[in-house]
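Structure first, commentary second.
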Amino acid sequence: MTTPDIRVHPIRSQDTQVLRHRVLWPHKPSPEACVLPVDDDPGAVHLGAWKQEKVPWGIRVPGLPGPLVGACSLFQQHCDRVSVPWQEGDDLRLRVMGTLPQARGMGAGAALVRAAAEEAQRQGRSMVWCDAREVAFGFYERMGFVFLNDMYHIPDIGPHRTMALDVSLAAQSKI
Ligand SMILES: CC(C)(COP(=O)(O)OP(=O)(O)OC[C@H]1O[C@@H](n2cnc3c(N)ncnc32)[C@H](O)[C@@H]1OP(=O)(O)O)[C@@H](O)C(=O)NCCC(=O)NCCS
Numbered sequence: 051m052t053t054p055d056i057r058v059h060p061i062r063s064q065d066t067q068v069l070r071h072r073v074l075w076p077h078k079p080s081p082e083a084c085v086l087p088v089d090d091d092p093g094a095v096h097l098g099a100w101k102q103e104k105v106p107w108g109i110r111v112p113g114l115p116g117p118l119v120g121a122c123s124l125f126q127q128h129c130d131r132v133s134v135p136w137q138e139g140d141d142l143r144l145r146v147m148g149t150l151p152q153a154r155g156m157g158a159g160a161a162l163v164r165a166a167a168e169e170a171q172r173q174g175r176s177m178v179w180c181d182a183r184e185v186a187f188g189f190y191e192r193m194g195f196v197f198l199n200d201m202y203h204i205p206d207i208g209p210h211r212t213m214a215l216d217v218s219l220a221a222q223s224k225i
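Be aware that the sequence shown starts at 51, since it is given in this note's numbering, and climbs by one per residue.
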C-alpha cells in the first residue's frame, strides 16, 4: 500500500464534524450535531488525515495544508465493555474513525491508526481499543486489532464488536 501523499496532523474537534456527518452519522441533522460529549475532555486528541494533492471532494479545514480525507478521535477512557488484562490508564479509546468514500484504499485509514498508536505510546499507553462496526472488522484486523467479545448491536448504527490493538506492533512497524 502506498501513502506518499497522505499526512496526519492533530486537528480541532469541530474540524471533524463535516467528515463525521458525511461518513459516520448521515442520519444526524447536520455536521454541528456530530459531536461527542467527551470531544473537549482533557486528553482528547483528534487526528486528521489530509492529502497533499488537492481533490475537489476533500474537506477544507483551516490550518491544514491540504484537504481533509479522514479523521479519528482518541479519548482517555478505559475499556469497560469486557474484562481486559490491562489496567485503567494503560489504554486509549479510538472513536469516530472514518475516511471519505473517494479516499478509501489510499492508506488514509492505516495512517490514522498508526498515528493513533504513536499518540498512545507518547502518552505511555500500551493499548488502543474501539467499538468496531461490522463493515470495518476486516480493516481493523488488517491493522493488527483483535476481537475482545461477540457481536452486539448499537441502535441506529448496527452490529459491532469491541477490538483492541497492542500499540507496540506499530513501534515494530508491523502495521
Ligand atoms: C474502515 C475505513 C476507515 C478504512 O479506511 P481506508 O482509508 O479505506 O483504509 P486504508 O486504505 O488505509 O486500508 C488499510 C488496509 O486495510 C484494508 N482494508 C480497508 N478496509 C477494509 C475492509 N472493510 N475489510 C478488509 N480490509 C480492509 C485495505 O485493503 C488495506 O490493506 P493493505 O495494506 O493490505 O492494502 C473506511 O472504509 C471507512 O471510513 N468506512 C466507513 C466508516 C466506518 O465503518 N468506520 C469505522 C467505524 S468503527
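Glycine residues also receive a C-beta, built at the ideal position from the N, C-alpha and C atoms. Please read these numbers as outputs of a predicted model, since none were measured by experiment.
Beta-carbon proximity list for residue i, same chain, < 6 Å, skipping 5 on both sides
{"i": "residue 75", "result": "84"}
{"i": "residue 215", "result": "178, 194, 195"}
{"i": "residue 67", "result": "81, 84"}
Residue i, buried or exposed, once every other Cβ within 10 Å from all chains shown has been counted against 16
{"i": "residue 190", "result": "buried"}
{"i": "residue 184", "result": "exposed"}
{"i": "residue 169", "result": "buried"}
{"i": "residue 200", "result": "exposed"}
{"i": "residue 65", "result": "buried"}
{"i": "residue 143", "result": "buried"}
{"i": "residue 123", "result": "buried"}
Proximal residues to residue i (C-beta, below 7 Å), its chain only, five neighbours per side dropped
{"i": "residue 90", "result": "63"}
{"i": "residue 60", "result": "95, 96, 97"}
{"i": "residue 55", "result": "101, 102, 103"}
Among the options, the one whose alpha carbon lies nearest that of residue i
{"i": "residue 206", "options": "61, 65, 77, 57", "result": "77"}
{"i": "residue 220", "options": "181, 162, 54", "result": "162"}
{"i": "residue 198", "options": "129, 142, 105, 69", "result": "129"}
{"i": "residue 115", "options": "58, 195, 141, 152", "result": "58"}
{"i": "residue 101", "options": "73, 154, 70, 137", "result": "154"}
{"i": "residue 82", "options": "88, 71, 212", "result": "71"}
{"i": "residue 212", "options": "167, 107, 132, 123", "result": "132"}
{"i": "residue 103", "options": "112, 118, 93", "result": "118"}
{"i": "residue 137", "options": "145, 146, 127", "result": "127"}
Under the three-state DSSP convention, the category residue i falls into
{"i": "residue 94", "result": "coil"}
{"i": "residue 71", "result": "helix"}
{"i": "residue 219", "result": "helix"}
{"i": "residue 155", "result": "coil"}
{"i": "residue 86", "result": "coil"}
{"i": "residue 110", "result": "coil"}
{"i": "residue 65", "result": "helix"}
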